[in-house]
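**Q** Converting from the sequence shown to my numbering requires adding 30 to each position, the first position being numbered 1.
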Amino acid sequence: MGVSPVQSLLVALNMAGSMPQGNGQSCSANGCLGSKVVEVQAAKRRWQGKKQRMARKYARHVRSKKDSARILMMKKTARLGRSRKHANNGIGKRVRTLKKLIPNGESIGNLDGLFRETAYYILSLQMRVTVMQTVVNVLTNSDE
Numbered sequence: 031m032g033v034s035p036v037q038s039l040l041v042a043l044n045m046a047g048s049m050p051q052g053n054g055q056s057c058s059a060n061g062c063l064g065s066k067v068v069e070v071q072a073a074k075r076r077w078q079g080k081k082q083r084m085a086r087k088y089a090r091h092v093r094s095k096k097d098s099a100r101i102l103m104m105k106k107t108a109r110l111g112r113s114r115k116h117a118n119n120g121i122g123k124r125v126r127t128l129k130k131l132i133p134n135g136e137s138i139g140n141l142d143g144l145f146r147e148t149a150y151y152i153l154s155l156q157m158r159v160t161v162m163q164t165v166v167n168v169l170t171n172s173d174e
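(1) If we ignore side chains and look at the alpha-carbon of each, how far apart do Asn-196 and Arg-158 end up?
(2) From Gln-71 to Met-84, what does the alpha carbon distance come to, in whole angstroms?
(3) Quick check on the DSSP output: the alpha helix (DSSP H) that includes Gly-143 runs from which residue to which?
(4) So, with DSSP's three-state summary, where would you put Asn-134?
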């Protein structure tokens, strides 16, 4: 059987713990080993925390790119929708005005009927103008 990395680390720490410390005192194997294990665990936690922070930062960076693309698409869609909405609003406004101009236009439900009635109304107005011009011509010629 081979030696695991944890066992080799403990052996190395144990050997380092049996050496005298800087103040000239030697420490027992359990005391120094325990402090070294605590130090290693703390270093491991710091490294894992750093990895997690880096992963969150990277995920946030990637997420922000996706979000920015999504936001741009939403803005374009909103811009297109707004222009259509304004265009429809302008057309609707003109249709309402036309309904007010045509006799009984308010009661006409669909656009086809409204346009047909508008055409008939324009023809009738043109006919009235023609009749009035003829009457005026006849009356002005009768005075001569």
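We treat Cβ as the ideally placed atom computed from N, Cα and C, and that holds for glycine. Nothing here was measured: the structure is a model prediction, and the numbers come from that model.
**A** The answer reads as follows:
(1) Residue 196 lies beyond the residue range present for the chain, which begins at 31 and ends at 174; the question has no answer from this structure.
(2) Along the sequence shown, read from residue 1 onward, the residue named residue 71 stands at position 41. Along the sequence shown, read from residue 1 onward, the residue named residue 84 stands at position 54. Cα to Cα, the separation comes out at about 20 Å.
(3) As a first step, residue 143 must be located in the sequence shown, where it is residue number 113. 141-172 is the extent of the alpha helix (DSSP H) around Gly-143.
(4) Counting from one through the sequence shown, the residue named residue 134 turns up at place 104. In the three-state DSSP reduction, Asn-134 falls in the coil class, being neither helix nor strand.
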